[in-house]
Ligand code: ARG
């Protein structure tokens, strides 16, 4: 059953399976759980999606039980086969999740025991849902972070290739959203490639600290039954084992780090969105988006709206919100596990889904986008963009920069009062402002020359930008 249908089914059916199933912890209880509490406390409607990780963790745990002589080889086999059968059924949409069993851990364990009997009932030896859920989350995020990193690469490639389709196109660079100095369109796009590279790095950092096995910490204090945690870690691909059982069951730092990295990546996507929205407007006309990635208006027939970028800008709010949600959940928690921690999951799942969707759709949109080079060049040909070039020229003629700035400022003011473009002021005006200026002053106002001169490391000369495009093509080729 597809995810959305399953979730809908769970909500609609409200999990009424009277009398058939009960939670594993009811031994000391005399009254059944209130229906209201069951619905309030269940998490299976969302945590079921970690079933692969839960099953992998249980198989590794069963291996440790076997190594400690707590189950027979046959029992281990029955547990592993049983769990794989359950996994296949979940994947085929044949598994019936039961709300009265609260969460995915108890659903899977109960079904295993129903299928294979006694060996299933031994599986939870020396384990608690507290270390189990901490493990599942780490395994889940390990998988999803790898998938997100792939999508970050995908978007980086789309940005590089959009730049490469317009390698020489100049555009105005903006500060305060006012035209500032000329850059290349590709240089502007490559700025986002750098941001995404840092996002990728932050996810790698998160993976590094996530790479610790919490299983074996039990509910809070390990277990009187001692298992070989190091070999469980190896079986599950962790390079370290947690060293404090209390920390391990309530540590969600790795999840905060993930949500932080996701929120910042979302902020980068939101800033890119804002650029795309501006560029696609009739006022800018820098970027053409394909029909496939724009939407129309139900009322105004002429509209072609950049909804992908607007939605992405909007969804970045959810990514920030999810980080805030988890930090707030953790803030006042006494040691160690508290049920509040169940609230971590929906925030994490939502950030995973939101970020993956945004990265994928943005990359696909940019694949089909193209720049309007003529509009960008017209905007970049505003001579005021080269006012700093004129000040630099004065500096090269021996004028201290502060004075040069003042001189050019006066010339800009004069041009404004005379209503002529700066480069069309007569030579007499330039020379009145500074006697060191000569005939050649007019030839300074040349966009191509200005861009070519910006050849320091990190600056947008066409040569530099072409080299960066090649750098990124190589760096992103097989990563
Ligand atoms: N569903 C729970 C969670 O997400 C699993 C751990 C429950 N532990 C407990 N002692 N009730 O946190």
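Residue numbers (this note's numbering): 263 to 741.
In this text, a Cβ means the ideal position worked out from N, Cα and C, and glycines have one as well.
A quick note: this is a predicted structure, and the numbers were derived from the prediction, not measured.
Look at residue 454: its beta carbon is at least 7 Å from all of the heavy atoms in the ligand ARG. Taking 7 Å as the cut-off, the C-beta of residue 603 counts as close to a heavy atom of the ligand ARG.
Leaving aside the five residues that flank residue 571 on each side, the residues in its chain whose CB is nearer than 6 Å to its CB run, in chain order, 535, 538 and 539.
Restricted to the segment 288 to 327, the alpha helix (DSSP H) segments that are unbroken, complete and at least 4 residues in length are 297 to 303 and 306 to 309, listed in chain order.
Nearest to residue 615 by C-alpha distance, out of 315, 640, 584 and 550, is 584. Judged by DSSP in its simplified three-state form, residue 433 adopts strand.
For residue 607, the shortest C-beta to heavy atom distance toward the ligand ARG is below 7 Å.
Restricted to the segment 513 to 553, the alpha helix (DSSP H) segments that are unbroken, complete and at least 4 residues in length are 515 to 541, listed in chain order. The bridge partners DSSP lists for residue 567 are 557. In this structure, DSSP gives residue 356 a state outside helix and strand, which the three-state scheme calls coil. One alpha carbon belongs to residue 481, the other to residue 362, and they sit about 21 Å apart. According to DSSP, residue pairing for residue 440 in a beta bridge involves 437. A heavy atom of the ligand ARG is found nearer than 7 Å to the CB of residue 599.
Residue 563 places its beta carbon 8 Å or farther from that of residue 551. Inter-residue distance for residue 651 and residue 461 is about 35 Å (C-alpha atoms, whole angstroms).
DSSP lists 550 as the bridge partner or partners of residue 632. Our two residues, residue 575 and residue 587, have alpha carbons roughly 19 Å apart in a direct line. Secondary structure note for residue 391: its alpha helix (DSSP H) is the uninterrupted segment 391 to 426. In summary, residue 595 is exposed, with fewer than 16 beta-carbon neighbours lying within 10 Å of its beta-carbon over all protein chains present. Residues 362 of the same chain have their beta carbon placed closer than 7 Å to that of residue 284, with the five preceding and five following residues left out of the count. Counting along the chain, residue 386 sits inside no alpha helix (DSSP H), nor does DSSP assign it H or E at all. Leaving aside the five residues that flank residue 491 on each side, the residues in its chain whose CB is nearer than 8 Å to its CB run, in chain order, 326, 475, 477, 478 and 503. In the displayed model, residue 332 falls within coil according to three-state DSSP, outside both helix and strand.
The Cβ atoms of residue 441 and residue 519 lie no closer than 8 Å to each other. Here DSSP, grouped into helix, strand and coil, assigns residue 721 to coil. Relative to the Cα of residue 657, the nearest Cα in the group 698, 628 and 641 belongs to 698. Taking 8 Å as the cut-off, the Cβ atoms of residue 581 and residue 524 count as close. Taking the Cβ of residue 309 as the reference point, at least one heavy atom of the ligand ARG falls within a distance shorter than 7 Å. Within its own chain, the residues whose Cβ lies closer than 7 Å to the Cβ of residue 672, once the five positions on either side in sequence are excluded, are 695, listed in chain order. If you draw a 10 Å sphere on the C-beta of residue 360, you find 16 or more other C-beta atoms in it, and that means buried. Distance from the CA of residue 516 to the CA of residue 547, rounded to the nearest whole angstrom, comes to 43 Å. Residue 445 carries a strand assignment under DSSP once its states are collapsed to helix, strand and coil. Approximately 14 Å separates the beta-carbon atoms of residue 393 and residue 312; this is outside 8 Å, ruling out the contact.
In this structure, residue 735 sits away from residue 725, with a CB-CB distance that is not shorter than 8 Å. Nearest Cα to residue 633 within the set 287, 533, 557 and 430: 430.
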